Each structure stands twice: as C-alpha cells, then as structure tokens.
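**Q**
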Amino acid sequence: MFRANGTDTMSEPTEGVPAPDFTLPGDSDSTITLSEYRGKPVVVYFYPKDNTSGCTKQAESFESLLGEFENAGVAIIGISPDPVKSHDKFKDKLGLSFPLGSDGDQAVCEAYGVWKEKSMYGKKYMGVERSTFLIDKDGTISKAWRKVKVPGHAEAVLAAAKAL
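Okay, so the sequence shown: first residue is 464 according to the working numbering, each after it adds one.
#1: So which of H616, A574, R501, K606 has the shortest CA-CA distance to G536?
#2: Along the chain, where does the alpha helix (DSSP H) that runs through T519 open and close?
#3: Taking Cβ to Cβ, would you say F561 is nearer than 8 Å to L597?
#4: Give a yes or no on whether the minimum CB-CB distance between A482 and chain B is below 8 Å.
#5: In the DSSP output, which residue or residues are listed as bridge partners for P628?
#6: So what's G590 in DSSP terms, helix, strand or just coil?
#7: Could you have a look at L497 and say whether DSSP puts it in helix, strand or coil?
#8: Where does V577 sit, in a helix, a strand or coil, going by DSSP?
#9: With H, G and I counted as helix, E and B as strand and the rest as coil, what does DSSP make of K625?
#10: Look at the alpha carbon of P481 and the alpha carbon of G602, and state the distance between them as a whole number of angstroms.
#11: Give me whichever residues DSSP pairs with G564 in a beta bridge.
#12: Under 8 Å between the Cβ atoms of G526 and L557?
#13: List the endpoints of the continuous alpha helix (DSSP H) containing V537.
#14: What residues are listed by DSSP as bridge partners for S582?
Set out below in structure tokens:
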C-alpha cells in the first residue's frame with residue numbers, strides 16, 4: 464500500500480523538497496506512515512535485501528547509534544522490497560529496535576528514485592540503490608545520500624541529524 468503526496472514519482476526528490484509520503488506494511492503487523500512522524504526529524508534509509516552482509520552492517524550501524532538518534536529526537540525507518548516475514552526475522556536476528564517497511568511493489572522506492580537498473584556479472588536487473596534521506600520535522604528532505612557506502616555512513620547521518 465503506497466500513497467504519494469503529489470510528488471512526481473518519476474524524478475528523484477532532492478534536498479529542500481517535500482518528502483514523498485507513504486504508508487507501508489511494517490514488521491510485526493504494524494503500518495508505517497511517514498506523515499505520522501511529522502513534528503520530529505526522521506531518517507528513512509533504503510537498503511537492497513535483508514540478511515545480506517552490507518545490509519546487515521548498515522542496520523547494525525544504525526541500531527548501535529539509535530540512542531544518540533533518539534536523544535537528538537530523530538526516528539529511523541528502514542525500507543526494502545523484502546516481505547514483512549523477512550523483516551521480522553531480520554529484526555529478531557539483529558535485535559533491531561526501529562521499524563522496517565516492506566515495499567513489495569517498489570512504489571516507495573520509485574517515488575524516492577532509488578529503484579534503479581543495476582548490473583552484476585554482466586547481468587542487468589532492477590534493485591534498490593542504497594540511499595538515505597534525512598527528513599526534517601516539517602516533512603522536507605534536509606539531506607539525501609545516494610549510492611551509500613556503509614562504513615561511516617550512520618555516523619555521517621547522525622552528525623547531519625544533530626545539526627538540524
């Protein structure tokens with residue numbers, strides 16, 4: 464289930480524009496709606512797949528800094544195309560405390576411009592480009608990181624969040 468807030472889903476949202484709103488099924492039979500976070504900053508990060516090495520390290524990095532994000536009044540949401548059952552297992556395995564949204568039809572990924580053609584071993588396929596968006600309390604994208612490299616990324620996001 465995806466609900467856009469009028470943003471052109473064919474372009475990549477940039478800093479200074481309203482973040483595309485969404486409602487997604489979340490882990491543990493929850494629902495995640497971005498607009499419900501209005502009034503506080505939120506980090507929305509997109510990752511390719513549960514239980515892969517890079518995605519595991521990224522989730523662990525955000526989890527290890529979760530207390531600092533919370534002290535700064537910033538929420539974290541992770542999103543991937545994986546089904547809710549996969550998210551539940553991933554959260555349990557890693558002990559994650561923040562919500563994970565399931566974007567099975569990739570509509571939210573497309574709205575944020577992170578559903579891209581990728582290539583591995585000469586084969587082309589569609590997948591998530593690891594990306595993170597820091598959204599301010601008013602729902603505007605304050606900072607966007609695309610083609611994220613995991614080492615040091617959560618720390619960079621935290622520094623930007625503390626500067627809001």
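Here a beta-carbon is modelled for each residue, glycine too, at the ideal position from N, C-alpha and C.
All of these numbers come straight from a predicted model, not from anything done at the bench.
**A** On the basis of the coordinates in this document:
#1: Along the sequence shown, read from residue 1 onward, the residue named residue 536 stands at position 73. Of the listed residues, the one whose Cα sits closest to G536 is R501.
#2: Position 56 of the sequence shown, counting from 1, holds the residue named residue 519. T519: member of the alpha helix (DSSP H) spanning 516 to 527, first to last residue.
#3: Counting from one through the sequence shown, the residue named residue 561 turns up at place 98. Counting from one through the sequence shown, the residue named residue 597 turns up at place 134. Their beta carbons are not under 8 Å apart, which means F561 does not touch L597 by this criterion.
#4: Of the protein chains in the structure, only one exists, and it is not chain B.
#5: Outside the modelled stretch of the chain, which goes from 464 to 627, sits residue 628, for which no answer is possible.
#6: Indexing the sequence shown from 1 puts residue 590 at position 127. DSSP places G590 in strand when its eight states are reduced to three.
#7: In the sequence shown, counting from the first residue as 1, residue 497 sits at position 34. Correct three-state label for L497: helix.
#8: Stepping through the sequence shown from its first residue, residue 577 is reached at position 114. Three-state result, V577: coil.
#9: By 1-based counting over the sequence shown, the position of residue 625 is 162. Here K625 sits in helix by DSSP.
#10: Numbered from its first residue, the sequence shown carries residue 481 at position 18. Numbered from its first residue, the sequence shown carries residue 602 at position 139. Spanning the two alpha carbons is a distance of roughly 6 Å.
#11: Along the sequence shown, read from residue 1 onward, the residue named residue 564 stands at position 101. Here G564 is bridged, per DSSP, to G489, I542.
#12: Here residue 526 corresponds to residue number 63 of the sequence shown, with the count starting at 1. Here residue 557 corresponds to residue number 94 of the sequence shown, with the count starting at 1. Here residue 526 turns out to be Glu, not Gly, going by the sequence shown. It is a contact, given that the beta carbons lie within the stated cut-off.
#13: Residue numbering aside, residue 537 sits at position 74 when the sequence shown is read from its first letter. Premise fails: V537 is in no alpha helix (DSSP H) and is neither H nor E.
#14: As a working note, residue 582 is residue 119 in the sequence shown. K587.
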